[in-house]
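K.L.:
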Amino acid sequence: MANEPAPNLAAVIKTARATITPEVRPIPKPEADEIVVRNYAIAGNPADWKLQSAVSFITQYPTILGSDGCGIVHAVGSSVTKFKPGDRVTGFADVIISSKIDHGAWQTYTVLHEIATLKIPESMSFEEGSTFPMAYATAAFAFFVNLQLPRPTGPVEKSDKAMLIWGGASAVGSASIQLAKHLGYTVFATASPQHHQYLKSLGASALFDYRDPDAVSKIVEEAKSSGVKLDIGIDSIAENDTAKLSADILSATGGSSARLALAMPWPEKHPKPTDVQLFDVMAAVLFTKYADTGSWFFNDYLPNALEKGQFVPSPPVEIVDGGIEAAQEVFDRMKAGVSCKKLVVKVA
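In the working numbering, each residue's number is its place in the sequence shown (first place is 1) plus 5.
1) Suppose contacts are defined by Cβ-Cβ distances below 8 angstroms. Is A46 in contact with K249 by that definition?
2) Looking at C-beta atoms only, is the number of pairs between the stretch 175-185 and the stretch 300-319 that lie closer than 8 angstroms three or more?
3) Would you kindly check if the distance between the Cβ of T191 and the Cβ of V233 is under 8 angstroms?
4) Taking Q112 as the reference, give the member of L169, W171, A48 with the closest Cα.
5) Less than 8 angstroms between the CB atoms is what I'm expecting for V100 and E39, so what's the real figure, rounded?
6) With DSSP collapsed to three states, give me the class of T195.
7) Taking the alpha carbon of T26 as the point to measure from, which residue in A15, K34, K186 has its own alpha carbon closest?
8) Looking at the ligand SAH, does it come within less than 7 angstroms of G232, judged from the CB to the closest heavy atom?
9) Alpha carbon to alpha carbon, how far is M6 from E127?
10) Can you give me the Cβ contacts of A296 inside the same chain, cut-off strictly under 7 angstroms, excluding the 5 residues immediately before and after it?
11) Can you list the alpha helix (DSSP H) stretches of 4 or more residues lying completely in the stretch 101-175, in chain order?
12) By alpha-carbon positions, which one of S175, L188, P160, A174 ends up nearest to M168?
13) Taking just the CA atoms, how far does S261 sit from C75?
14) Go ahead and label P12 buried or exposed: buried means 16 or more other beta carbons lie within 10 angstroms of its beta carbon, across all protein chains shown.
15) In angstroms, rounded to a whole number, what distance separates the CA positions of I63 and L56?
16) Check each candidate in K19, T24, E9, I18 and name the one with the smallest Cα separation from S32.
17) Is it the case that the Cβ atoms of G91 and V78 are separated by a distance below 8 angstroms?
18) According to DSSP, what are the bridge partners of Q282?
19) Could you give the residue range of the beta strand (DSSP E) that holds G96?
20) If you count every other CB in all the chains shown that lies within 10 Å of the CB of F336, and 16 or more means buried, which is it?
21) Tell me the rounded alpha-carbon separation between A289 and A243.
22) Going by DSSP, name the residue or residues bridged to I18.
23) Mind listing, in chain order, the continuous alpha helix (DSSP H) runs of no fewer than 4 residues lying wholly within the stretch 181-261?
24) Put V335 into one of helix, strand or coil per three-state DSSP.
25) Along the beta strand (DSSP E) that carries G299, what are the first and last residues, could you check?
26) Starting from the C-beta of W301, find all residues in its chain whose C-beta is less than 8 angstroms away, skip the five residues before and the five after it, and write them out in chain order.
27) In whole angstroms, what is the alpha-carbon distance linking G134 and V94?
This is the structure:
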């Protein structure tokens, strides 16, 4: 007799702003283009606690949040061709836009769309595999939709262009560093000094302390003296004045082609720059309105790059004990502030 599947323990939020209630739910069944993944690791994202604290973004309750889960394919829908039960996968769970409770990552079984799923190398742990779907979906949207960078079609030579990444130690920042390096860009990134060496190992060329009051002028000076054109950037933090600081840099170095992708909308307290194009990053839309780009990146480009070791899971994993029942602890720790680490739970 085959082993009975594990129960679907889930971190349920029953009403707006409610704390998490762990409870067992039915194991979901996939629709035609969907995959049900039995998670063995789930990673937290800043969006988790922000959505838990919001009153208007999630349209249906009860809900289950979370975008990043990693495990083994449990079942596939009738039109799925790229995956089969038993495959080791990770993927972007789209509860953020679908509001469907089965599509949240913080449960034992999560529904993913085929387009937003990718196989992970045999050498990669489930914990590592849970760290990056949201981060790379965000980076891919910024790079290939917002900033309109060309898709690589083969080996890319180092160019004379540079990219600014504000918040290099975040999950989105560290993914963006690796992607920018792979596309041939010189990377200027900000982070706390204790993370500089690690970010250089990922591909950053020049690191600056974001707390330094002279950070903007130092980045501008470095860009001009190094002879590269720094005209594009991504603000992966989008808190306090990071958007304005990023725009100030590109305004001074980018000329008429200056473009900045923002993880959150431009803050109303600052006038928008007139010489820097601004774009809002909407990772979930990569798999709907921009499905061709999403499918290319998640089903083809990213898994191939991971298999070749061109990208590595980042930032480093910190395991939080307690499994899914520790979800609220993960949310609370992220709200308090986490730097250059990814909080992950193992799922029994």
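For every residue, glycine included, the Cβ atom is placed at its ideal position computed from N, Cα and C.
P.N.:
Considering the structure as presented:
1) For this step, residue 46 is matched to residue 41 along the sequence shown. For this step, residue 249 is matched to residue 244 along the sequence shown. Taking 8 angstroms as the Cβ cut-off, A46 and K249 do not qualify as a contacting pair.
2) yes
3) Taking the sequence shown and counting its residues from 1, the one referred to as residue 233 is at position 228. Taking the sequence shown and counting its residues from 1, the one referred to as residue 191 is at position 186. A contact, by the Cβ cut-off of 8 angstroms.
4) The residue labelled residue 112 in the question sits at position 107 within the sequence shown. By alpha-carbon distance to Q112, the top candidate from L169, W171, A48 is A48.
5) Residue 100 sits at position 95 when you count from the first residue of the sequence shown. Residue 39 sits at position 34 when you count from the first residue of the sequence shown. About 13 angstroms; that fails the 8 angstroms criterion.
6) Translated into the one-based positions of the sequence shown, residue 195 becomes position 190. T195 falls in the strand class under three-state DSSP.
7) Counted from its first residue, the sequence shown places residue 26 at position 21. Answer by Cα proximity: A15.
8) Judged by which ligands are present, the structure shown has none, so any question about the ligand SAH falls away.
9) Here residue 6 refers to the residue found at position 1 of the sequence shown. Here residue 127 refers to the residue found at position 122 of the sequence shown. Below a pLDDT of 50, predicted positions are generally treated as unreliable, and M6, at 38, falls in that range; the measurement from the model is reported next regardless. Whole-angstrom Cα-Cα distance: 28 angstroms.
10) Here the question's residue 296 lines up with position 291 in the sequence shown. Excluding sequence neighbours, A296 sits near I120.
11) 131-134, 138-145
12) Within the sequence shown, numbered from 1, the residue matching residue 168 stands at position 163. Of S175, L188, P160, A174, the residue nearest in Cα terms is L188.
13) The sequence position of residue 75 within the sequence shown is 70, counting from 1. The sequence position of residue 261 within the sequence shown is 256, counting from 1. Their Cα atoms are separated by approximately 42 angstroms.
14) Translated into positions along the sequence shown, residue 12 becomes position 7. Classification of P12: exposed, given that the 10 Å Cβ count is below 16.
15) For this step, residue 63 is matched to residue 58 along the sequence shown. For this step, residue 56 is matched to residue 51 along the sequence shown. Roughly 7 angstroms between the two C-alpha positions.
16) Position 27 of the sequence shown, counting from 1, holds the residue named residue 32. Per the sequence presented here, residue 32 reads as Ile, with Ser not at that position. Out of K19, T24, E9, I18, E9 has the C-alpha closest to the C-alpha of I32.
17) Counting from one through the sequence shown, the residue named residue 91 turns up at place 86. Counting from one through the sequence shown, the residue named residue 78 turns up at place 73. Contact: yes.
18) Mapped onto the sequence shown, residue 282 falls at position 277. For Q282, which the question treats as bridged, DSSP gives the partners R264.
19) Reading the sequence shown from its first residue, position 91 is the one you call residue 96. Segment 93-97, the beta strand (DSSP E) holding G96.
20) Working through the sequence shown from its first residue, we reach residue 336 at position 331. F336 is buried by the Cβ-count criterion.
21) As a working note, residue 289 is residue 284 in the sequence shown. As a working note, residue 243 is residue 238 in the sequence shown. So the alpha carbons of these two residues sit roughly 18 angstroms apart.
22) Position 13 of the sequence shown holds residue 18. Looking at the DSSP assignment, I18 forms a beta bridge with T68.
23) Complete alpha helix (DSSP H) runs here, min 4: 201-207, 220-231, 247-258.
24) Within the sequence shown, residue 335 is the residue found at index 330, counting from 1. The answer is helix: DSSP assigns V335 an H, G or I state.
25) Residue 299 sits at position 294 when you count from the first residue of the sequence shown. Note, G299: premise wrong, no beta strand (DSSP E); alpha helix (DSSP H) at 296-300.
26) The residue given as residue 301 occupies position 296 in the sequence shown. So the qualifying residues of the chain are R156.
27) As a position in the sequence shown, residue 134 is number 129, starting the count at 1. As a position in the sequence shown, residue 94 is number 89, starting the count at 1. Those two C-alpha atoms are separated by around 8 angstroms.
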